[in-house]
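> Chains as they are written, first to last, in the numbering used here: chain L, 1 to 217; chain D, 1001 to 1321.
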């Protein structure tokens, strides 16, 4: 399995699959598949995929350990960047089709409406993560600081779920499903942290400049 | 007013929806598979998804009614696949997918409360109370989208006058049909059911207030509130209650579903008002479906101010949102 994960064609295939939701939207847009309210459809579809990619990204570390697949780390950055990519689509749909690029209205919305405030915050927090996602930035920041910075994704995931929960009118079961998934993924980290295992990084992950104590997989 | 209507066809004579659908599916399947019935039916299900499978019956003798807008009518296929009808699911496409088997015949509406002549109306009786009028109304949802729909029905006041409201009647309370067995997704609705709505008596008696039995020339599709609903074009869409079973004339302001759910966001009046924002979004502009841009300015009372503004003289519409 690790062998398959290392294969560059696997990575290409996963990359193409991640573009699938966008491809489907474009196809539906040209075939009347978006229904009566295309803008709302796009906003909901892209919103869903942000949360899914955030959850997938957060699931990488637990899955590496549970499934014994350390090479999964090769995909984490890609999934995280796809969360940001769908975030950009989501935000620009709101900016362009809902607010028609009226930045004053957007700012008023962001300041006044809490579900927009929290969603916007989650999106903005992804920007530094996307920028510093390169190997060069990891080097420049140093592994420790880079890792601390990239823990902002926890906040983005929580903000995303709250944004969704506050956005729906009465049926909260879908936002609660996402909330449960994010809660599990974050509790897993909390659990490790409480038990001190966070000091034992897996091979291949970003480490502090200290000798690692564990190298088994 | 005289009008011609086929006298022998009763509402209850209408072919039940399922039979009608099966017939279509069957024929469709036969044609494609050369008579392999089972395979044909499965294939037909694939090619003819339930989203498109509403099949309403043409309403005869419909005359042009007052108050119609000359704006472009929203395509029927969009209106019937984009619904808020939480009993059948909370996603916009859910009601068209899940309401196909909803039994709307036989049907009756009970009219009671502060009236001299309480009674039950069967659907057959309702259809004969007055000439059916087509009225093309703007329909503005609280979610800031709007459509233009050719409804069919007559003013609610026709029915109200028949039961003779007493002087004690100050409000009208409406109630939707609710049957957990036929509406299994009600659990996710997040609102108290049955759905209830209400109007002040003078609002209900306004000629714009439509007791609606059809749209686009046909009976109402299930997802749009079959077989009979209210349409109140100067109010946000959720005030226009669907699948009516009970109308009660009452002394005090009745409870309304969305107000019970979230009083802060949905008031009793819920008149369309571009100056009073929903707490979570602006109501100044709307998206005229199926457009992409939210670039249509929202009009006071949804453009029906000339007709209804006088109902609210001297009222603070910010407080009474």
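Even glycine gets a Cβ: it sits at the ideal position worked out from N, Cα and C.
According to DSSP, simplified to helix, strand and coil, what is residue 76 of chain L?
For the purposes of this step, residue 76 of chain L is taken as the residue at position 76 of the first chain. Three-state result, residue 76 of chain L: helix.
> What are the residues of the stretch 112-126 of chain L that lie near chain D, defined by any Cβ-Cβ distance shorter than 9 Å?
From the stretch 112-126 of chain L, only 112, 113, 114, 115, 116 have a Cβ closer than 9 Å to chain D.
> Decide if the stretch 1119-1126 of chain D is in contact with the stretch 1273-1292 of chain D; the criterion is three or more beta carbon pairs, one per stretch, under 8 Å apart.
At 8 Å Cβ cutoff, the stretches do not touch.
> Are the C-beta atoms of residue 1310 of chain D and some chain L residue less than 9 Å apart?
In the second chain, the residue the question calls residue 1310 of chain D occupies position 310. Not one chain L Cβ lies under 9 Å of residue 1310 of chain D.
> Taking 6 Å as the limit between beta carbons, can you name the residues of its chain near residue 125 of chain L, skipping five residues before and five after?
Working through the first chain from its first residue, we reach residue 125 of chain L at position 125. Contacts found: 152, 155, 156.
> Output the boundary residues of the beta strand (DSSP E) element that contains residue 1108 of chain D.
In the second chain, counting from the first residue as 1, residue 1108 of chain D sits at position 108. Note, residue 1108 of chain D: beta strand (DSSP E), 1108-1113.
> Compute the Euclidean distance between the alpha carbons of residue 1039 of chain D and residue 1074 of chain D, then round it to the nearest angstrom.
On the second chain, position 39 is the one that residue 1039 of chain D refers to. On the second chain, position 74 is the one that residue 1074 of chain D refers to. Confidence is the limiting factor: at residue 1039 of chain D the pLDDT is only 41, short of 50, which leaves the residue's position unreliable, though a coordinate-based value still follows. Cα to Cα, the separation comes out at about 36 Å.
> Output, in sequence order along the chain, the residues in the stretch 1179-1203 of chain D whose CB is closer than 7 Å to any CB in chain L.
Those would be 1188, 1189, 1190, 1191, in chain order.
> With a threshold of 9 Å between beta-carbons, can residue 27 of chain L be considered close to chain D, or not?
Position 27 of the first chain, counting from 1, holds the residue named residue 27 of chain L. Residue 27 of chain L does not count as touching chain D.
> Within the same chain, show all residues whose beta-carbon is closer than 8 Å to that of residue 176 of chain L, passing over the 5 residues directly before and after it, in chain order.
Counting from 1 along the first chain, the entry for residue 176 of chain L is found at position 176. Answer for residue 176 of chain L: 165, listed in chain order.
> With a 10 Å radius around its C-beta and 16 neighbouring C-beta atoms as the bar for buried, classify residue 1143 of chain D as buried or exposed.
Along the second chain, one-based indexing puts residue 1143 of chain D at 143. Buried, because 16 or more other Cβ atoms sit within 10 Å of the Cβ of residue 1143 of chain D.
> Is it true that the CB of residue 132 of chain L sits closer than 9 Å to the CB of residue 144 of chain L?
For this step, residue 144 of chain L is matched to residue 144 along the first chain. For this step, residue 132 of chain L is matched to residue 132 along the first chain. Result no, Cβ atoms of residue 144 of chain L and residue 132 of chain L do not sit closer than 9 Å.
> With the cut-off set at 9 Å, would you say residue 1244 of chain D and residue 1164 of chain D are in Cβ contact?
Residue mapping note: residue 1244 of chain D aligns to position 244 of the second chain, counting from 1. Residue mapping note: residue 1164 of chain D aligns to position 164 of the second chain, counting from 1. No, they are not a contact pair.
> Measuring CB to CB, does residue 1199 of chain D end up less than 9 Å from residue 1231 of chain D?
If you number the second chain from 1, residue 1199 of chain D lands on position 199. If you number the second chain from 1, residue 1231 of chain D lands on position 231. No, these two residues do not count as a Cβ contact at 9 Å.
> Residues of chain L with a CB under 7 Å from the CB of residue 1102 of chain D: which are they?
If you number the second chain from 1, residue 1102 of chain D lands on position 102. In chain order: nothing, as chain L lies at least about 19 Å away.
> Can you confirm whether residue 161 of chain L, when its beta carbon is compared against all beta carbons of chain D, has any partner nearer than 9 Å?
Indexing the first chain from 1 puts residue 161 of chain L at position 161. No, because no Cβ of chain D sits closer than 9 Å to the Cβ of residue 161 of chain L.
> Is the Cβ-Cβ distance between residue 1213 of chain D and residue 1228 of chain D less than 9 Å?
In the second chain, the residue the question calls residue 1213 of chain D occupies position 213. In the second chain, the residue the question calls residue 1228 of chain D occupies position 228. Closer than 9 Å, so yes.
> Contact defined as beta carbons within less than 8 Å: I believe residue 1290 of chain D pairs with residue 36 of chain L. What is the distance between those atoms, to the nearest angstrom?
Residue 1290 of chain D sits at position 290 when you count from the first residue of the second chain. Residue 36 of chain L sits at position 36 when you count from the first residue of the first chain. Correct: roughly 5 Å between the Cβ atoms.
> For residue 173 of chain L and residue 1310 of chain D, what's the separation of their Cα atoms in angstroms?
Translated into the one-based positions of the first chain, residue 173 of chain L becomes position 173. Translated into the one-based positions of the second chain, residue 1310 of chain D becomes position 310. Straight-line Cα distance between these residues: approximately 42 Å.
> If you draw a straight line from the alpha carbon of residue 1237 of chain D to that of residue 1139 of chain D, how long is it in whole angstroms?
Start at 1 with the first residue of the second chain, and residue 1237 of chain D comes out as number 237. Start at 1 with the first residue of the second chain, and residue 1139 of chain D comes out as number 139. Approximately 6 Å, taken between the alpha carbons.
> If you count every other CB in all the chains shown that lies within 10 Å of the CB of residue 1052 of chain D, and 16 or more means buried, which is it?
Counting from one through the second chain, the residue named residue 1052 of chain D turns up at place 52. In this prediction, residue 1052 of chain D has a pLDDT of 40, which is less than 50 and means its spatial position is unreliable; what the coordinates show is noted afterwards. Its Cβ having fewer than 16 others within 10 Å, residue 1052 of chain D is exposed.
> Are the stretch 1166-1183 of chain D and the stretch 1110-1124 of chain D touching, with three or more C-beta to C-beta distances below 8 Å?
Output reads yes: the stretch 1110-1124 of chain D touches the stretch 1166-1183 of chain D.
> For the ligand GTP, is there a heavy atom less than 8 Å away from the beta-carbon of residue 1221 of chain D?
The ligand GTP is not among the ligands present in this structure, which contains no ligands whatsoever.
> Helix, strand or coil: which one does DSSP assign to residue 123 of chain L?
By 1-based counting over the first chain, the position of residue 123 of chain L is 123. The answer is helix: DSSP assigns residue 123 of chain L an H, G or I state.
> Output yes or no for whether 9 Å exceeds the beta carbon distance between residue 1134 of chain D and residue 1235 of chain D.
What you label residue 1134 of chain D is simply residue 134 of the second chain in a count that begins at 1. What you label residue 1235 of chain D is simply residue 235 of the second chain in a count that begins at 1. Not a contact, by the Cβ cut-off of 9 Å.
> Measuring only between beta-carbons, confirm whether residue 1002 of chain D sits less than 9 Å from chain L.
Here the question's residue 1002 of chain D lines up with position 2 in the second chain. For residue 1002 of chain D, the predicted model reports a pLDDT of 49, less than 50, meaning its position is unreliable and no value from the coordinates is stated.
> With 16 as the cutoff for other CB atoms within 10 Å, does residue 1071 of chain D come out buried or exposed?
The residue labelled residue 1071 of chain D in the question sits at position 71 within the second chain. Exposed is the call here.
> Note down, in chain order, each residue of its chain lying with its Cβ closer than 8 Å to the Cβ of residue 1268 of chain D, except the 5 sequence neighbours on either side.
As a first step, residue 1268 of chain D is located in the second chain; it is residue number 268 there, counting from the start. Same-chain partners within the cutoff: 1198, 1253, 1256, 1259, 1320.
> For the stretch 1264-1288 of chain D, which segments carrying the beta strand (DSSP E) assignment without a break, of at least 3 residues, lie completely within its bounds, in sequence order?
Entirely contained in the stretch 1264-1288 of chain D, the beta strand (DSSP E) runs reaching 3 residues are, in chain order, 1285-1288.
> So, for residue 1276 of chain D: in the same chain, excluding its five sequence neighbours on each side, which residues have a beta-carbon less than 6 Å away from its beta-carbon?
Against the second chain, residue 1276 of chain D aligns to sequence position 276. So the list reads 1318, 1321, once near-sequence residues are dropped.
> Unbroken alpha helix (DSSP H) runs of length 4 or more, entirely within the stretch 1165-1206 of chain D: which are they?
If we require 4 residues or more, the alpha helix (DSSP H) runs fully inside the stretch 1165-1206 of chain D come out as 1201-1204.
> Can you pull out the residues from the stretch 158-184 of chain L whose beta carbon lies closer than 7 Å to at least one beta carbon of chain D?
Listed by position along the chain: 170, 171, 172, 173.
> Buried or exposed, going by whether 16 or more other CB atoms sit within 10 Å of the CB of residue 1287 of chain D?
Taking the first residue of the second chain as 1, we reach residue 1287 of chain D at position 287. By the neighbour-count rule (16 or more Cβ atoms within 10 Å), residue 1287 of chain D is buried.
> State the Cα-Cα distance for the pair residue 1076 of chain D and residue 1202 of chain D, rounded to the nearest angstrom.
By 1-based counting over the second chain, the position of residue 1076 of chain D is 76. By 1-based counting over the second chain, the position of residue 1202 of chain D is 202. Cα to Cα, the separation comes out at about 32 Å.
> Looking at residue 1247 of chain D: is its Cβ nearer than 9 Å to the Cβ of residue 1110 of chain D?
The sequence position of residue 1247 of chain D within the second chain is 247, counting from 1. The sequence position of residue 1110 of chain D within the second chain is 110, counting from 1. Cβ atoms of residue 1247 of chain D and residue 1110 of chain D: closer than 9 Å.
> Check the Cβ of residue 37 of chain L against every Cβ in chain D and list those closer than 8 Å, keeping chain order.
To locate residue 37 of chain L, count along the first chain from 1; it is residue 37. By Cβ distance, chain D contributes 1082, 1092, 1145, 1287, 1289, 1290.
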